[in-house]
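Chains as they are written, first to last, in the working numbering: chain A, 2 to 273; chain B, 2 to 273.
Protein chains: 2
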Amino acid sequence: MYSLINGVLEDHISMADRGLAYGDGLFETLRVIDGSPTLLDSHLARLHRGCERLGLDLEQGLLREEALALCKTAGTGDQVLKIIVTRASLGRGYRSNTRQTNRYLDLSLYAADRQTMLVGCAVCLSEVRLALQPLLAGIKHLNRLEQVLAATELPAGYQEGLMQDMQGHMIEGIRSNLFIIEKGHFMTPDLSQSGVSGVMRALILQIQSVEVKQLTLSEVLSADEVFVCNSVFGIYPVTRIDADGQVLARFKVGPVTRTCQDQLAKLTGIGR
Amino acid sequence: MYSLINGVLEDHISMADRGLAYGDGLFETLRVIDGSPTLLDSHLARLHRGCERLGLDLEQGLLREEALALCKTAGTGDQVLKIIVTRASLGRGYRSNTRQTNRYLDLSLYAADRQTMLVGCAVCLSEVRLALQPLLAGIKHLNRLEQVLAATELPAGYQEGLMQDMQGHMIEGIRSNLFIIEKGHFMTPDLSQSGVSGVMRALILQIQSVEVKQLTLSEVLSADEVFVCNSVFGIYPVTRIDADGQVLARFKVGPVTRTCQDQLAKLTGIGR
């Protein structure tokens, strides 16, 4: 629909951009409902943590204004706002002597999938393992080839893939975070070595008592309830986990997951 | 100087580019001497291997023509040609159903550093460790935040940093490959788990008998000669390896390194 580049209505960027050259930057993807970006300040807070990690400065107030202005053009209905922040380019080479950034914003239509929110989805264990890199873990940087490969290799018919790290720990969905519930007790993987610390995950950590821990595949398979979440689609219950065309486990859409969906709908509007 | 985007004289790309969004692509950086790109076919061959790994198709003949045409505009002297190939964008999300690619070429001036080629340079052990990811190792993809962080943290006064992987194996320089010589015997790190398999490294493997192996820091520190290489600057002898401001080892610019420089100068023109 509309794009803003450093505050200007424009949709092309310089070929010298360091986001393109090296993935030297960060991004956020927000659900926009009736012209209003949900959880904007949480997304800006994560962006700020990413900027600190990569050594970037961000004019956060300005970005916030631009995001709100762009979303106002959306009218009613569902959209997705994508924010990209890249390190300004001052010449060739990995090294850069600047902390200055570019701000790219883009708004596009989104078709909410209420069916999957309701009845859940089958997910598949990805064969792509996440590398361990604590310097980049948790933040939403632009180096996403692992996710691209995992998403591209995902067999047809699956909404989402579950990713393990190189040591076999369960980490996340390709585009979501993972929660399991065992006897009413919430657990979610530790993301200090790999994975993206999602804004919806952070919100669930605020409203529920959740144990953040190293999670094994067998713990996930034996859980009472399993769901994946992100800040665009909310919560998708997981009804089956497959690998190599074999069913590893089946789950019912349980009452704890349903309650959590209701809480998030009240707080964010997603899934209402 | 000049840029070509899919064959057209242009220097701005779509904000929806998957190279920007996810680093979903590859690049090459070539030395251009008097309008002629050095080792072009070796670079195209590596690009082809990268495309196979990422599931991308490339119109290689067309790219070759565009590269030669762009370099012809350069006239005499030294330039650098950068080639970027990204997966075509068909919409939002990690998953893509296309193998089609965009071709971006850019030519810029280069100032050869003959002094460093002659007298060598001090390098510093980087504190940034490379993650182990065999799916991405060896190819020159666009996910380069590890190199950006390493280059940005490199203390002033160092031309290059040496990078280890998470297990402490020596892998490469931030923008170069590493060779050591012990009693006339060449060794270079195995790059099956991390690192970039450089075109200049490949050429040296062709003209010398080189042992490719897991290399420890102590093997590097006790070597007779050490050098780093890439296809833009050629070979820089390493005269000192430091870490945390301490000198770990000193090296003379030895006869084997010198002979190797001479051979490459004859074959490529770099350093002549």
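No residue lacks a Cβ here, since even glycine has one placed at the ideal position from N, Cα and C.
| Item | Value |
| --- | --- |
| Can you list, in chain order, the stretches of the alpha helix (DSSP H) that have 4 or more residues and sit fully within the segment 43–76 of chain A? | 61–73 |
| Quick one: give me the first and last residue of the beta strand (DSSP E) that residue 115 of chain A is part of. | Segment 115–120 is the alpha helix (DSSP H) holding residue 115 of chain A; no beta strand (DSSP E) there. |
| Could you check what DSSP says for residue 111 of chain A in three-state terms: helix, strand or coil? | coil |
| What does a CB cutoff of less than 8 Å around residue 22 of chain B pick up in its chain, not counting 5 residues either side in sequence? | 90 |
| For a cutoff of 8 Å on Cβ pairs, would you count residue 93 of chain B as touching chain A? | yes |
| Quick one: what's got a C-beta closer than 6 Å to residue 5 of chain A's C-beta in the same chain, skipping five residues either side? | 67, 71 and 106 |
| With DSSP collapsed to three states, give me the class of residue 257 of chain B. | helix |
| Taking only beta-carbon atoms, is residue 137 of chain B less than 8 Å away from chain A? | yes |
| Is any beta-carbon of chain A found at less than 8 Å from that of residue 68 of chain B? | no |
| Mapping DSSP to helix, strand and coil, what is residue 105 of chain A? | strand |
| Just tell me which of B:160, B:209 and B:188 has its CA closest to the CA of residue 221 of chain B. | B:188 |
| Identify the continuous beta strand (DSSP E) that holds residue 237 of chain A and give its terminal residues. | 235–244 |
| Smallest Cα separation from residue 227 of chain B: which of B:182, B:30 and B:17? | B:182 |
| CB of residue 83 of chain B to nearest heavy atom of the ligand NAD: below 7 Å? | The ligand NAD is not among the ligands present in this structure, which contains no ligands whatsoever. |
| How would you list, in chain order, the residues of chain B whose beta-carbon sits under 7 Å from the beta-carbon of residue 13 of chain A? | 13, 14, 15 and 16 |
| Mind listing the chain B neighbours of residue 152 of chain A? Cutoff is C-beta to C-beta under 8 Å, in chain order. | 94, 95, 96 and 97 |
| For residue 80 of chain B, which residues does DSSP report across the bridge? | B:33 and B:110 |
| Return the CA-CA distance between residue 1 of chain A and residue 9 of chain A, expressed in angstroms with no decimal places. | Within the shown structure, residues of chain A are numbered from 2 to 273, placing residue 1 of chain A beyond reach of any answer. |
| For residue 12 of chain A, name the three-state secondary structure that DSSP assigns. | coil |
| Determine, using beta carbons only, whether residue 132 of chain A and residue 195 of chain A come nearer to each other than 8 Å. | yes |
| Are the CB atoms of residue 229 of chain A and residue 124 of chain A within a distance shorter than 8 Å? | yes |
| By DSSP's criteria, residue 216 of chain A is part of a beta bridge. Which residues make up the other side? | A:171 |
| Among A:184, A:217 and A:219, whose alpha-carbon lies nearest the alpha-carbon of residue 210 of chain A? | A:184 |
| Under three-state DSSP, which class holds residue 151 of chain A? | helix |
| In three-state DSSP terms, what is residue 203 of chain A? | helix |
| Between the beta-carbon of residue 1 of chain A and the beta-carbon of residue 59 of chain A, is there less than 8 Å? | Shown here, chain A extends from 2 to 273; a query on residue 1 of chain A therefore has no answer. |
| With distance defined between alpha-carbon atoms, name the residue in A:173, A:137 and A:80 nearest to residue 214 of chain A. | A:173 |
| From A:141, A:20, A:121 and A:186, pick the residue whose C-alpha is nearest to that of residue 159 of chain A; which is it? | A:121 |
| Can you tell me which of the three DSSP states residue 221 of chain A falls into? | helix |
| Is there a Cβ from chain B that is less than 8 Å from the Cβ of residue 105 of chain A? | yes |
| Does residue 24 of chain A get closer than 8 Å to chain B when you measure Cβ to Cβ? | yes |
| Would you report the Cα separation of residue 170 of chain A and residue 192 of chain A, rounded to the nearest angstrom? | 10 Å |
| Within a Cβ cutoff of 6 Å, which residues of the same chain sit near residue 201 of chain A, ignoring the five residues on either side of it in sequence? | 230, 231 and 232 |
| What does a CB cutoff of less than 8 Å around residue 63 of chain A pick up in its chain, not counting 5 residues either side in sequence? | 8 and 104 |
| Opposite residue 38 of chain A in the DSSP bridges: which residues? | A:33 |
| Please check the pair residue 69 of chain B and residue 31 of chain B, which I expect to be a contact at CB under 8 Å, by giving their CB distance rounded to whole angstroms. | No, residue 69 of chain B and residue 31 of chain B are not in contact; Cβ-Cβ is about 11 Å, not under 8 Å. |
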